[in-house]
Structure formats: structure tokens, C-alpha cells
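Number of protein chains: 2
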Amino acid sequence: MSTEIWISQLQDNGYRITSARRAVVDTVYGSTHALTPIEVYDKARKKYRALGLVTVYRTLEKLEELHLIQRVHQPIGCQAFISAGVGHQHLLLCQNCGQVEFFDGDDLDSLTKNIARKTGYQIKEHWLQLFGLCVDCR
Amino acid sequence: MSTEIWISQLQDNGYRITSARRAVVDTVYGSTHALTPIEVYDKARKKYRALGLVTVYRTLEKLEELHLIQRVHQPIGCQAFISAGVGHQHLLLCQNCGQVEFFDGDDLDSLTKNIARKTGYQIKEHWLQLFGLCVDCR
DNA sequence: TTTTTATTGAAAATCGTTTTCAATAAGTAT
DNA sequence: ATACTTATTGAAAACGATTTTCAATAAAAA
Chain A
2 MSTEIWISQL QDNGYRITSA RRAVVDTVYG STHALTPIEV YDKARKKYRA LGLVTVYRTL
62 EKLEELHLIQ RVHQPIGCQA FISAGVGHQH LLLCQNCGQV EFFDGDDLDS LTKNIARKTG
122 YQIKEHWLQL FGLCVDCR
Chain B
2 MSTEIWISQL QDNGYRITSA RRAVVDTVYG STHALTPIEV YDKARKKYRA LGLVTVYRTL
62 EKLEELHLIQ RVHQPIGCQA FISAGVGHQH LLLCQNCGQV EFFDGDDLDS LTKNIARKTG
122 YQIKEHWLQL FGLCVDCR
């Protein structure tokens with residue numbers, strides 16, 4: 002698995018491959034931390050100086066549309082993005098260093114069925130996210 | 002339970018009770034839908050016309066600080082607030098009408114312990130939110 | 001009632017994001 | 001390789017949401 006997977010995805014969906022997009026993909030792909038558009042901009046500009054912030058926004062938009070990245074919601078803000086895991090994944094975030102781990106937690110079925118019965122809701126989706134301290138920070 | 006609970010809380014924490022704050026509290030307290038600052042402004046101005054948007058922001062800030070309201074995170078945006086439930090509560094949101102229900106789902110203990118063991122993380126907090134269709138909308 | 005000072009709304013400033021637009025460069029056809 | 005078409009680019013401007021500044025006001029204390 003390398004950045005070429007994302008590049009191919011962009012290509013297959015009719016998007017052109019440019020130096021700007023490569024720089025953004027190289028920056029976000031495989032990052033262990035969720036990155037905001039400005040953070041992506043700062044990092045990616047080390048690889049491609051002419052990159053504009055607008056292009057970062059536009060590229061992130063496309064990567065999100067192709068489900069290659071996902072927005073991360075946190076108490077401090079909801080502008081950061083991280084690589085989208087494969088299949089239905091949940092996030093575990095380190096409150097100290099911001100590192101992100103994925104886990105699949107579909108033990109939630111019995112819980113959601115329970116709530117559905119109690120409330121009368123037809124449940125379609127769920128968001129689950131854990132916060133704590135990673136091995137290095139605890 | 003009435004809005005006076007929130008008013009007292011403000012008072013007890015050294016904040017003055019004003020017409021502007023009463024209008025905001027009256028609007029947000031007991032609302033079954035999460036409201037954005039602008040929505041609060043529009044609704045509250047029906048009760049107190051001189052109210053300014055800035056004061057809405059400032060009052061919401063104080064209510065959040067006192068844990069009387071909480072920010073609601075949704076795919077469409079994360080600016081809306083709703084009354085904070087009592088104790089540790091989770092949210093169930095109707096994707097159609099925006100109605101919000103609370104539920105307590107601490108069946109998560111075994112799941113979080115599991116993840117903690119697998120990842121080495123020390124887990125401090127969790128966010129769980131369900132989305133679906135309420136009884137009226139399904 | 002008087003005094004003190006937190007609170008107010010309006011205007012300006014600020015921040016993140018989106019739109020506009022002419023120049024450029026990617027991919028295709030020649 | 002070369003020419004052509006058109007998606008993509010970055011800069012500047014526009015935008016919307018939120019925050020700051022500030023003099024006037026009103027709540028609470030004296």
C-alpha cells in the first residue's frame with residue numbers, strides 16, 4: 002500500500018494528476034495524526050513550494066468525496082482529516098500527542114437494537130470515538 | 002425543572018441576570034432540537050428584540066462552561082448546541098427533522114476495556130452518537 | 001439612592017473557507 | 001515530438017461565522 006493507490010483512484014475518477022495533488026496526497030496518506038488544511042499546506046509546501054492553500058482545500062474535498070480520507074471531530078475542532086480506514090472503522094485519539102488509531106467495534110449491534118426498541122427510532126448510523134493516552138504518552 | 006435552574010446556576014457562578022440572558026436561556030432550555038447561534042438569536046429575539054448576536058455567543062459560551070449545554074457534532078456541521086443531559090448521556094439524532102433524544106449507554110465498558118488491552122491506550126473518554134429516523138419521521 | 005463594575009449591542013477585526021478569474025499545464029489527438 | 005482542449009492552478013476578492021473593541025447601560029452591592 003502506497004500513495005499510488007490514492008493517485009490511481011483520483012486518475013480513475015477522471016481527475017488529473019498534478020504536482021500539487023501529489024504533494025497533498027504524499028502529506029495526508031499514511032499520516033498518523035489528523036491534519037487541518039493549514040497543517041497540510043505547511044507540510045506539503047516543503048515538497049512543492051508553489052502549492053496554494055486553495056488547492057489543498059480542493060484536493061481534500063476530492064479525497065473525502067472518494068472516501069479516501071475522513072473528517073475527524075474533536076473537542077478542539079472539526080477541521081482535521083485523516084486517512085479513512087478500510088470498512089467501518091472507529092477512531093481512538095491520543096489527547097496528548099494527537100496520534101490516531103483505528104479499531105472496528107461492531108459489538109454495538111445489541112446496544113443499538115436496545116436503543117431502537119426503547120425509543121422507537123430506526124437507527125441508520127453511529128459514531129463512536131474514544132479518547133485517551135497512547136502508549137508513549139501515558 | 003424549569004429555566005430557573007439555569008438562571009440560578011448563572012447567578013451562583015457570579016454572573017448577572019439580564020433580559021438578554023433570560024431570552025437565550027428560555028430559548029435553549031428544553032429545546033428538542035440542537036440550535037445554532039443564529040437560530041438561537043432569531044428565536045430569542047421574538048422574546049427580547051434588542052438582543053444582539055454577540056450576546057448569544059457570549060451566553061452560550063457561559064452555559065457550555067457550566068456544562069448546562071453541549072455542542073452537537075453532525076455531518077452537516079458542529080455549531081449547534083443542546084441542553085446537556087444529566088450525568089453521562091449519549092445522543093440520538095433524527096436525520097430528517099433534527100430532533101434529539103438522550104440515552105445512557107454505558108454498556109461500552111467491556112468494549113473500551115477490550116480496545117485498551119489491544120492498543121495499549123489508557124482510555125479516558127468516549128463519544129457515542131446514533132443517527133436515524135424518529136417515530137414521526139420513519 | 002449612589003456607586004461600582006459586569007454586561008450590552010454596534011462596528012470593526014479576524015479567521016477559516018469559497019468563489020472568481022486569467023494563466024498554466026495535464027492528458028489527448030495529431 | 002507538436003498542437004490542442006480543457007481541467008487545474010494560485011492570487012485576490014468575497015464570504016460567513018466568530019471574536020474583539022469600546023463607550024453606553026443596567027444589575028447588584030453599598
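So the protein sequences, as listed, match chains A and B.
Residues in the first sequence are numbered from 2 upward in steps of one, following my numbering.
Residues in the second sequence are numbered from 2 upward in steps of one, following my numbering.
Think of the CB as a built atom: it goes at the ideal place given N, C-alpha and C, for glycine as much as any other residue.
Treat the numbers as computed from the prediction; the structure is a model and nothing was measured.
Shown here, K125 (chain B) sits in a strand according to DSSP, grouped into three states. Per DSSP, I77 (chain A) lies in no beta strand (DSSP E) and is assigned neither H nor E. DSSP links V101 (chain B) through a beta bridge to B:L94. Taking a Cβ-Cβ threshold of 7 angstroms, none of the residues of chain A is close to R118 (chain B); the smallest such distance is about 11 angstroms.
When the Cα atoms are used, I18 (chain B) and A35 (chain A) turn out to be separated by approximately 41 angstroms.
Y49 (chain B) is a Cβ neighbour of A21 (chain B), given a cutoff of 8 angstroms.
A Cβ-Cβ distance of about 7 angstroms is found for the pair R72 (chain B) and E65 (chain B), placing them in contact under the 8 angstroms criterion. Excluding the 5 residues flanking it on each side, Q90 (chain A) has same chain C-beta neighbours closer than 6 angstroms at F103 and D105, in chain order. With respect to the C-alpha of A81 (chain B), the residue from B:G53, B:V87 and B:L61 having the closest C-alpha is B:L61.
Ranked by how close their Cα comes to the Cα of Q75 (chain A), the residues B:V29, B:W128 and B:L54 have B:W128 in first place.
Within the stretch 16 to 80 of chain B, the complete alpha helix (DSSP H) segments at least 4 residues long are 20 to 29, 38 to 45 and 54 to 66, listed from N- to C-terminus. Of the residues assessed, A51 (chain A) falls on the exposed side of the cut-off, its CB having fewer than 16 other CB atoms within 10 angstroms.
Interface with chain A (8 angstroms Cβ-Cβ cutoff): V29 (chain B) is excluded. Using a CB distance below 8 angstroms, the part of the stretch 90 to 103 of chain B facing chain A consists of L93, C95, Q96 and E102, ordered along the chain. Annotation for Q96 (chain A): F132, G133 and L134 place their beta carbon closer than 7 angstroms to its own, counting only its chain and skipping 5 residues before and after.
The contact set of T113 (chain A) on chain B, defined by CB atoms closer than 7 angstroms, consists of L131 in chain order. Close to D43 (chain A), with beta-carbon spacing below 7 angstroms, lies no residue of chain B; the smallest spacing is near 23 angstroms.
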